[in-house]
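In terms of the numbering used here, the sequence shown opens at residue 445 and continues consecutively. C-beta atoms are modelled at their ideal positions from N, C-alpha and C, and glycine is treated no differently. Working notes for the structure below.
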Amino acid sequence: MQGYEDVTLYKLTPERERELVDKQIECNFIWTNKEGHGIGVIMNYVARDGSIWLTATRQRARIKALQRDPRASVVISSMGT
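Right, dumping it as structure tokens:
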């Protein structure tokens, strides 16, 4: 591999990951629509006991989308820490 293709060098240790999750309060929550396209929204979260908690009402499109396909991603940036 050349240049920046090997990103395994940038992996967080479990301790650094926990620190990041505990210090930040905002994430990008990503799910897929009916066509399989990724949709993301910036949300505040609460981290407790190894889980990340988000809120949403049943009327939100993401709830129906997650019921249809429960695969989702959470992206937490270290910006500002």
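Taking the alpha-carbon of residue i as reference, which of the options has the nearest alpha-carbon?
{"i": "Gln-511", "options": "Thr-476, Glu-463 and Gln-468", "result": "Thr-476"}
{"i": "Glu-463", "options": "Thr-501, Glu-479, Ala-500 and Gly-494", "result": "Gly-494"}
{"i": "Val-519", "options": "Ile-474, Arg-460 and Glu-459", "result": "Ile-474"}
{"i": "Ala-516", "options": "Cys-471, Arg-502 and Tyr-448", "result": "Cys-471"}
{"i": "Gly-480", "options": "Thr-501, Met-523, Pro-514 and Thr-457", "result": "Pro-514"}
Expressed to the nearest angstrom, what Euclidean distance is found between the alpha-carbon atoms of residue i and residue j?
{"i": "Trp-497", "j": "Ile-507", "result": "14 Å"}
{"i": "Thr-452", "j": "Ala-505", "result": "35 Å"}
{"i": "Tyr-489", "j": "Asp-450", "result": "30 Å"}
{"i": "Val-485", "j": "Tyr-454", "result": "25 Å"}
{"i": "Thr-499", "j": "Met-487", "result": "9 Å"}
{"i": "Glu-459", "j": "Gln-503", "result": "37 Å"}
{"i": "Gln-468", "j": "Ser-521", "result": "8 Å"}
According to DSSP, is residue i helix, strand or coil?
{"i": "Ile-507", "result": "helix"}
{"i": "Glu-470", "result": "strand"}
Beta-carbon within less than 7 Å of residue i's beta-carbon, same chain only, minus the 5 sequence neighbours each way: which residues are those?
{"i": "Ala-491", "result": "Val-465 and Asp-466"}
For residue i and chain D, any beta-carbon pair shorter than 9 Å?
{"i": "Ile-496", "result": "Note that chain D does not occur in the displayed structure, where there is just one protein chain."}
Leaving out five residues before and five after residue i in sequence, what residues of the same chain have Cβ atoms less than 8 Å from its Cβ?
{"i": "Ala-509", "result": "Trp-475, Thr-476, Asn-477, Lys-478 and Ile-483"}
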